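As given, the protein sequences belong to chains C and A, one line each in that order.
Start counting the first sequence at 456; every next residue gets the next number (my numbering).
Start counting the second sequence at 19; every next residue gets the next number (my numbering).
Think of the CB as a built atom: it goes at the ideal place given N, C-alpha and C, for glycine as much as any other residue.
Note that the structure is predicted; figures quoted are calculated from it, not measured.
Single-structure report; data block below.
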Amino acid sequence: DAGVIQSPRHEVTEMGQEVTLRCKPISGHDYLFWYRQTMMRGLELLIYFNNNVPIDDSGMPEDRFSAKMPNASFSTLKIQPSEPRDSAVYFCASSPLGSYNEQFFGPGTRLTVL
Amino acid sequence: EDKVVQSPLSLVVHEGDTVTLNCSYEVTNFRSLLWYKQEKKAPTFLFMLTSSGIEKKSGRLSSILDKKELFSILNITATQTGDSAIYLCAVEALAPLVFGKGTRLSVIA
Numbered sequence: 456d457a458g459v460i461q462s463p464r465h466e467v468t469e470m471g472q473e474v475t476l477r478c479k480p481i482s483g484h485d486y487l488f489w490y491r492q493t494m495m496r497g498l499e500l501l502i503y504f505n506n507n508v509p510i511d512d513s514g515m516p517e518d519r520f521s522a523k524m525p526n527a528s529f530s531t532l533k534i535q536p537s538e539p540r541d542s543a544v545y546f547c548a549s550s551p552l553g554s555y556n557e558q559f560f561g562p563g564t565r566l567t568v569l
Numbered sequence: 019e020d021k022v023v024q025s026p027l028s029l030v031v032h033e034g035d036t037v038t039l040n041c042s043y044e045v046t047n048f049r050s051l052l053w054y055k056q057e058k059k060a061p062t063f064l065f066m067l068t069s070s071g072i073e074k075k076s077g078r079l080s081s082i083l084d085k086k087e088l089f090s091i092l093n094i095t096a097t098q099t100g101d102s103a104i105y106l107c108a109v110e111a112l113a114p115l116v117f118g119k120g121t122r123l124s125v126i127a
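Structural data, given as structure tokens:
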């Protein structure tokens, strides 16, 4: 298995632009998580899905952030409009039913908003 | 608000030393505590602990949980340069994982 796949790996954009991050979870995993990691705040859970349904989005910082999971093999995290304080590494992780805490992380997308 | 605090924030040791990393937590409805290792990229799972006093072991790494005092430790014996990483502690409570900020371990030859 290729593991969790994220794209792009690096994104540099200007303030005000729309950013879309993509994730393909491990096949057969029922849970998908989006995290953000910064030096100041560490690793924070933004939102997670179970069987493509959003369960908890209380970690999404503002209405500028949205996430979708149209099918079991694909999810997006969108920021519109982006701001410099959104600069961080965004991780996607997935886990199987019954052990949703043993999460497998993707390589992350490093986002820089200028 | 659920809180996970790790100490020390960073640590530099020599190869062969033994290190102890600490994780304390304040959460409602504790379910489990997990340790992850993060090298250059993504965190990778090490241990999950749910019961007090039962040591989990994997090679030179071991971990134990104290649910009464609300903490866990991660021990690494005979450290190697390949152990250099950020070690993350996370707790599952009512919500999925709440992570601490990590301990950055540097092992020098």
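Residue-level contact by beta carbon fails for G483/C and chain A, as no gap is shorter than 8 Å. Under the three-state reduction of DSSP, P539/C is assigned to helix. The beta-carbon of L67/A is placed no less than 8 Å from the nearest beta-carbon of chain C.
Contact of F529/C with chain A is not assigned, every C-beta pair being separated by 8 Å or more. Near chain C, meaning a CB-to-CB distance below 9 Å, the residues of the region 87 to 116 of chain A are L106, A108, E110, A113, P114, L115 and V116. Residue pairing by DSSP places S550/C opposite Y486/C in a beta bridge. Taking C-beta atoms under 8 Å as the contact rule, L123/A and P61/A fail to qualify, at a distance of about 14 Å.
The beta carbon of P463/C sits no closer than 8 Å to any beta carbon of chain A. In the DSSP annotation of this structure, the continuous segment of the beta strand (DSSP E) that includes I91/A starts and ends at F89 to I94. By the Cβ-count criterion, T46/A is exposed, with fewer than 16 other Cβ atoms from all chains shown falling within 10 Å of its own Cβ.
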